[in-house]
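Asker:
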Amino acid sequence: MHFWQALVLGIVEGVTEFLPVSSTGHLTIVEKLLGLQVNDKGVTAFTAIIQVGAIVAVIIYFWRDIVRLLGAWFRGLANRNARGQDYRLAWFVIIGTIPVGIVGLLGRHFISGPLRNLWVVAVALVVWSFVMWFAERVALKQRNEEKMNLTDAVFIGVMQCFALVPGVSRSGATISAGLMRGLDRVAATRISFFLSIPALLAAGGFEALTSAKDISHTVGWGMTGVATLVSLIVAYASIAWLLRFVQNHKISVFIWYRVAVAIVVALLLGFGVISAT
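Count along the sequence shown from 1, then add 25; that gives the number in the numbering used here.
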């Protein structure tokens, strides 16, 4: 991989990771346009690892919240009387992460194999757009983060599993789930950010440990590091923008973009300009 390719992919990851447009889908499309083999083990590992940069951006941005939640969780474990809302919210993040951890681990070969296909990306971009539209239609937006409950955590966690399909979007899945459960957009988006931390750190760490040789023999660790750093910087700005955006805008505004990208990809595939894998 060349430096400029790593730079482009880092920017794509940073911009799209937290927008409901599917970062994995976009990375798959751009990797293919750059001439990379998207179902290659090294490229697949690269795609997962550079997401860690975006997650580090979340940790930096929400550092105070994370410290507060972790502190409340540890205090609550030691003292029943200290189990307040922050303690419960910390547990909700843990519980909400379990489904995607199980499904991701059991289905990792299918996810990194057959699903790494541009036809899958195109279809998923369109199909999940209907889910986002439905979520906004039924959203009551009556509850904030403090009123989140265990059922919300389980439902959002299960819905996050759909994000393992390239083109769905992890944030699109979790924010939509939060809206369906009656959370307001800011609360649903913040929960989406919190859930991203353990899920993507685990995915990136797992790929780094199990695919080290594949990375070395293909894209290279130097370019992986460059893309990861760039994604961190760009993602930080993307987080700040999205939190302001959702205060006054529906996530369904991204549907038109998702469908347009899907149409372009389908046309490129249909006319043989690019191959699906």
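All residues carry an ideal CB built from backbone N, CA and C; glycine is no exception.
Since V70 contacts V251 with CB under 8 Å, what's their CB separation in whole angstroms?
Answerer: The residue labelled residue 70 in the question sits at position 45 within the sequence shown. The residue labelled residue 251 in the question sits at position 226 within the sequence shown. The identity of residue 70 in the sequence shown is Ala, whereas the question assumes Val. That belief does not hold up - the Cβ atoms of A70 and V251 are roughly 15 Å apart, past 8 Å.
Asker: Three-state secondary structure (DSSP) at R206?
Answerer: Locating residue 206 in the sequence shown gives position 181, counting from the first residue. Reduced to three states, the DSSP call for R206 is coil.
Asker: I believe A198 touches F187 by the beta-carbon criterion, under 8 Å. Please report the beta-carbon distance rounded to the nearest angstrom.
Answerer: Position 173 of the sequence shown, counted from the first residue, corresponds to residue 198. Position 162 of the sequence shown, counted from the first residue, corresponds to residue 187. A198 to F187, Cβ: 5 Å. Contact.
Asker: Thinking P191 and A149 are a contact (beta carbons under 8 Å), I'd like their distance in whole angstroms, please.
Answerer: By one-based count along the sequence shown, residue 191 stands at place 166. By one-based count along the sequence shown, residue 149 stands at place 124. Rounded, the Cβ-Cβ distance is 6 Å, consistent with contact.
Asker: Cα separation between D239 and V68?
Answerer: Looking up residue 239 in the sequence shown gives position 214. Looking up residue 68 in the sequence shown gives position 43. Spanning the two alpha carbons is a distance of roughly 8 Å.
Asker: Are the beta-carbon atoms belonging to L208 and F117 less than 8 Å from one another?
Answerer: For the purposes of this step, residue 208 is taken as the residue at position 183 of the sequence shown. For the purposes of this step, residue 117 is taken as the residue at position 92 of the sequence shown. Their beta carbons are not under 8 Å apart, which means L208 does not touch F117 by this criterion.
Asker: Thinking V193 and S47 are a contact (beta carbons under 8 Å), I'd like their distance in whole angstroms, please.
Answerer: On the sequence shown, position 168 is the one that residue 193 refers to. On the sequence shown, position 22 is the one that residue 47 refers to. Right, their Cβ atoms sit about 6 Å apart.
Asker: Given a cut-off of 8 Å on the beta-carbon distance, is the pair R206 and V271 in contact?
Answerer: For the purposes of this step, residue 206 is taken as residue 181 along the sequence shown, with counting starting at 1. For the purposes of this step, residue 271 is taken as residue 246 along the sequence shown, with counting starting at 1. Contact: no.
Asker: Rounded to a whole number of angstroms, what is the C-alpha to C-alpha distance between A212 and S256?
Answerer: Along the sequence shown, read from residue 1 onward, the residue named residue 212 stands at position 187. Along the sequence shown, read from residue 1 onward, the residue named residue 256 stands at position 231. Those two C-alpha atoms are separated by around 24 Å.
Asker: From the DSSP output, read off the bridge partner residues of R168.
Answerer: Counting from one through the sequence shown, the residue named residue 168 turns up at place 143. L208.
Asker: Using CA atoms only, rank isn't needed, just tell me which of F28, G78 and L61 is closest to V377.
Answerer: With the chain covering 26 to 302 only, the question about residue 377 has no answer from this structure.
Asker: Could you check the C-alpha separation between A291 and G230 for me, to the nearest Å?
Answerer: Taking the sequence shown and counting its residues from 1, the one referred to as residue 291 is at position 266. Taking the sequence shown and counting its residues from 1, the one referred to as residue 230 is at position 205. A291 and G230: Cα-Cα distance of roughly 33 Å.
Asker: Once you ignore the five residues that flank L204 on each side, which residues in its own chain have a CB closer than 6 Å to its CB?
Answerer: Counting from 1 along the sequence shown, the entry for residue 204 is found at position 179. Hits under 6 Å: A160, A164 and A213.
Asker: Should L58 be labelled buried (16 or more other beta-carbon atoms within 10 Å of its own) or exposed?
Answerer: Working through the sequence shown from its first residue, we reach residue 58 at position 33. By the 10 Å Cβ count, L58 comes out exposed.
Asker: Would the region 278 to 293 count as touching the region 103 to 115 if we require 3 or more Cβ pairs under 8 Å?
Answerer: With a cut-off of 8 Å, the region 103 to 115 and the region 278 to 293 do not count as touching, because too few Cβ pairs lie within range.
Asker: Could you give the first and the last residue of the continuous alpha helix (DSSP H) run that contains S154?
Answerer: To locate residue 154, count along the sequence shown from 1; it is residue 129. S154 -> alpha helix (DSSP H) spans L143 to V163.
Asker: Looking only at C-alpha atoms, which of G182, L102 and T249 sits nearest to I222?
Answerer: For the purposes of this step, residue 222 is taken as residue 197 along the sequence shown, with counting starting at 1. Taking only the C-alpha atoms, the option nearest I222 is G182.
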